[in-house]
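*Asks:* Listed in order, the protein sequences are those of chains A and B. Here the first sequence stands for residues 77 to 328, numbered as in the numbering used here. Here the second sequence stands for residues 77 to 328, numbered as in the numbering used here. Virtual Cβ for every residue (Gly too), placed ideally from N, Cα, C. Here the structure is a predicted model, which means the values were calculated and not measured.
2 protein chains.
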Amino acid sequence: MVHSSSSRSAAAGSAAAFSPLYRQIKGLLTRDLQAGLWKPGEVIPSEFELAARFKVSQGTVRKAIDELAAENLLVRRQGRGTFVATHAEQNTQYRFLRLTSDAGGRRELQRRLLECKRARAGVDVARALGLKTGDSVVVLRRLLLDGETPVVFDEIWLPGRDFKNLSSERLALYRGPMYALFEAEFGVRMIRAEEKIRALAADADSAQLFGVAPGTPLLSVERLSFTYGERPVELRRGLYRTDTHHYRNELS
Amino acid sequence: MVHSSSSRSAAAGSAAAFSPLYRQIKGLLTRDLQAGLWKPGEVIPSEFELAARFKVSQGTVRKAIDELAAENLLVRRQGRGTFVATHAEQNTQYRFLRLTSDAGGRRELQRRLLECKRARAGVDVARALGLKTGDSVVVLRRLLLDGETPVVFDEIWLPGRDFKNLSSERLALYRGPMYALFEAEFGVRMIRAEEKIRALAADADSAQLFGVAPGTPLLSVERLSFTYGERPVELRRGLYRTDTHHYRNELS
DNA sequence: AAGTGGTCTAGACCACCTG
DNA sequence: AGGTGGTCTAGACCACTTA
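#1: Contact between the stretch 150-169 of chain B and the stretch 293-301 of chain B is defined here as three or more beta-carbon pairs at a separation below 8 Å; is this criterion met?
#2: Closest to A99 of chain B by CA distance: which of B:G210, B:C192, B:V132, B:T209 is it?
#3: Run through DSSP, which three-state label would D222 of chain A get?
#4: Rounded C-beta distance between L294 of chain A and Y323 of chain A? I'm assuming under 8 Å.
#5: List the endpoints of the continuous beta strand (DSSP E) containing Y323 of chain B.
#6: Between the Cα of S244 of chain A and the Cα atoms of A:R237, A:R196, A:M254, A:E259, which residue gives the shortest distance?
#7: Within the continuous alpha helix (DSSP H) that includes Y316 of chain B, where are the two ends?
#8: Along the chain, where does the alpha helix (DSSP H) that runs through Q154 of chain B open and close?
#9: Quick one: is G135 of chain B buried, meaning 16 or more other Cβ sit within 10 Å of its Cβ, or exposed?
#10: To the nearest angstrom, how far is the alpha carbon of A256 of chain A from that of F239 of chain A?
#11: Please report the residue range of the alpha helix (DSSP H) in which K139 of chain B lies.
#12: Evaluate D198 of chain A with the Cβ neighbour count: other Cβ atoms within 10 Å of its Cβ, from every protein chain shown; 16 or more gives buried, anything less gives exposed.
#13: Please list, in chain order, all residues of the same chain as G112 of chain B whose beta carbon is under 7 Å from its beta carbon, the five residues on each side excluded.
#14: Could you tell me which of B:K208, B:A128, B:S122 sits nearest to V160 of chain B, measuring between CA atoms?
#15: With a cut-off of 8 Å, does the C-beta of A289 of chain B fall near any C-beta of chain A?
#16: How big is the Cα-Cα spacing for G314 of chain A and S282 of chain A?
#17: Out of A:A289, A:V119, A:F130, A:E118, which has the shortest C-alpha to C-alpha gap to G103 of chain A?
#18: Taking the C-alpha atoms as reference points, what is the distance between T292 of chain A and E259 of chain B?
#19: If you draw a straight line from the alpha carbon of V228 of chain B to that of P96 of chain A, how long is it in whole angstroms?
#20: With a 10 Å radius around its C-beta and 16 neighbouring C-beta atoms as the bar for buried, classify E271 of chain B as buried or exposed.
#21: Per DSSP, V199 of chain A is paired with what?
#22: How would you call L109 of chain B, buried or exposed, if buried means at least 16 neighbouring beta carbons within 10 angstroms?
#23: Measuring only the C-alpha atoms, how far is R237 of chain A from E306 of chain A?
#24: Roughly how many whole angstroms lie between the Cα atoms of E127 of chain B and V137 of chain B?
#25: Between S81 of chain A and the rest of its own chain, which residues show a CB-CB distance below 7 Å, the 5 nearest in sequence each way excluded?
#26: Taking only beta-carbon positions, decide if N148 of chain B is within less than 8 Å of chain A.
#27: Take P226 of chain B as the anchor and find which of B:R218, B:W233, B:I232 has the nearest alpha-carbon.
#28: Could you tell me which residues DSSP puts in a beta bridge with W233 of chain B?
#29: For S328 of chain A, which residues in chain B fall below 8 Å Cβ to Cβ?
#30: By DSSP, does A111 of chain B sit in helix, in strand, or in coil?
#31: With distances taken between CB atoms, is the gap from Q27 of chain B to L221 of chain B smaller than 8 Å?
#32: Pick helix, strand or coil for Q186 of chain A, following the three-state DSSP scheme.
#33: Does the distance from the CB of G180 of chain B to the CB of V119 of chain B come in under 8 Å?
#34: Among A:Y170, A:E231, A:G117, A:L175, whose alpha-carbon lies nearest the alpha-carbon of R194 of chain A?
#35: Rounded to a whole number of angstroms, what is the C-alpha to C-alpha distance between L175 of chain A and H321 of chain A?
#36: What's the gap between the Cα of E261 of chain A and the Cα of L327 of chain B?
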């Protein structure tokens, strides 16, 4: 049982920030999710079940779940139950990729893995991922192709500690979204990400990769992805071709 | 009074899409907002007042308002009331601008209006704004400067019909956000926008504007903004400098 | 003190899915 | 038929603002 407000004024001087019951329930659910009590794709107990367990009313549990669903941690399915969100069984192969063909064609991009190796984190990578310089990281390089033409070149850094046995074989075998593999094999679920976008000129290497002239403007997309507890677990530097494609965004 | 479901099965074969009461209430509120019954920044009636008016319970009105607040059409303020959202009295000068200084400095950008004229819509502009080619449009050109250095060059098209008396004088006099002026003077409130982002090389004109070499990569941001009823009312083509600044985005 | 949004409850019933 | 999420109600009480 969770007490809502009665015990608040016990705190010292500071207001101690009132926290409604449903938010405390949300906290408990988040803790269980983070602990892996329910795996991605699984059902969680019904609202009434949880209400009984926490000794609150269904409506209160409901409001907690509402917020978790809004944050894409849970997915509700009427008549079936509430499920832990997953990158698998999602209709989109590239959940976070905002690149779209100018033609609007819904063609799926093909992956081509160029490299998968272990390395030591440089200063920048370490700082972004919350590691120490020199810590072990996994580095991936890969292309995404629209038909025959490469449109995305990604360089990906992952903390070595979280991705111990990641190899190019595992990646090559896997069909679904890469983030689904991360969930299933390494227990790391990506929840949200921040991107920094710039325009820059293709250097010799990237020009060759894309088959364009050096100096051609490319979109540079730096993505930092977070898992539970706002912990950064992936740094990605992408180069996008934007002569035939564009990055779409929605503002509100 | 609105009836929820009893009359559903009267429809022909097709399921006729069940619409809960609160969503119908939401529709009524949206209609009133669109009609300008309450102006941006004003309070709307209290939840109990609306509940009585619509002959439903407070909770049902509440849920309708919840959704409108989530869509940024309304703003709740505990203890005070629910208000029509506005671009004025918003702490941010540039509500939709995602450009940030790499240094993270929160310095406000300065505006410099370069041009404000009437013209005829070309094919592209007309299509984007839902006009006919040759229809009257207002065209603005302006710079945003971080200190002395220009970082954004915007070219803005507005339907002439909606912005009859917009002039450079009106714009020059106005202190707050441009979208706030649009609301107050023209009754056009921007609700959401879509952006298409590309990297491209500076041509001679833009190179001169920014004081960079021709061919320098710039970020191209095409923004289409919508008002009530998904009606497009602003097309904007922006060029952003991204050597000292970047476009930030959040994915979830 | 009065008014507004915010929380919580208990119970009824509806819509949807699965066996 | 039975279970799950989804809606709606009526009423009580809390938190916050304004007067």
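*Replies:* By the coordinates alone:
#1: no
#2: Note that residue 99 of chain B corresponds to Arg in the displayed sequence, not to Ala. Among B:G210, B:C192, B:V132, B:T209, the Cα nearest to that of R99 of chain B is on B:V132.
#3: Three-state result, D222 of chain A: strand.
#4: About 11 Å; that fails the 8 Å criterion.
#5: 321-327
#6: A:M254
#7: That residue, Y316 of chain B, is in no alpha helix (DSSP H); its beta strand (DSSP E) goes 307-316.
#8: It is not in any alpha helix (DSSP H) - Q154 of chain B carries neither H nor E in the DSSP assignment.
#9: Counting the other Cβ atoms within 10 Å of the Cβ of G135 of chain B gives fewer than 16, which makes it exposed.
#10: Computed Cα separation, rounded: 14 Å.
#11: 134-146
#12: Inspection of the sequence shows that residue 198 of chain A is occupied by Gly rather than by Asp. Its Cβ having fewer than 16 others within 10 Å, G198 of chain A is exposed.
#13: The beta carbon of G112 of chain B is closer than 7 Å to those of G263 in its chain, skipping five residues each way along the sequence.
#14: B:S122
#15: no
#16: 11 Å
#17: With distances taken between Cα atoms, G103 of chain A lies closest to A:F130.
#18: Approximately 41 Å, taken between the alpha carbons.
#19: Rounded to whole angstroms, V228 of chain B to P96 of chain A spans 44 Å at the Cα level.
#20: buried
#21: None; V199 of chain A has no bridge partner.
#22: buried
#23: 17 Å
#24: Note that residue 127 of chain B is Ala in the sequence shown, not Glu. Answer to the nearest angstrom: the Cα atoms are 6 Å apart.
#25: Here S81 of chain A scores only 38 on pLDDT, less than 50, and its place in the model should not be relied on; the value that follows carries that caveat. So the qualifying residues of the chain are F94.
#26: yes
#27: That would be B:R218, whose Cα lies nearest to the Cα of P226 of chain B.
#28: B:V215, B:L311
#29: Correct list: E147, N148, I267, R268, A269.
#30: coil
#31: Given a span of 77 to 328 for chain B in the structure shown, any question on residue 27 of chain B remains unanswerable.
#32: strand
#33: no
#34: A:E231
#35: A direct Cα-to-Cα measurement between L175 of chain A and H321 of chain A gives close to 6 Å.
#36: Each residue's CA atom was taken as its position, placing E261 of chain A and L327 of chain B some 23 Å apart.
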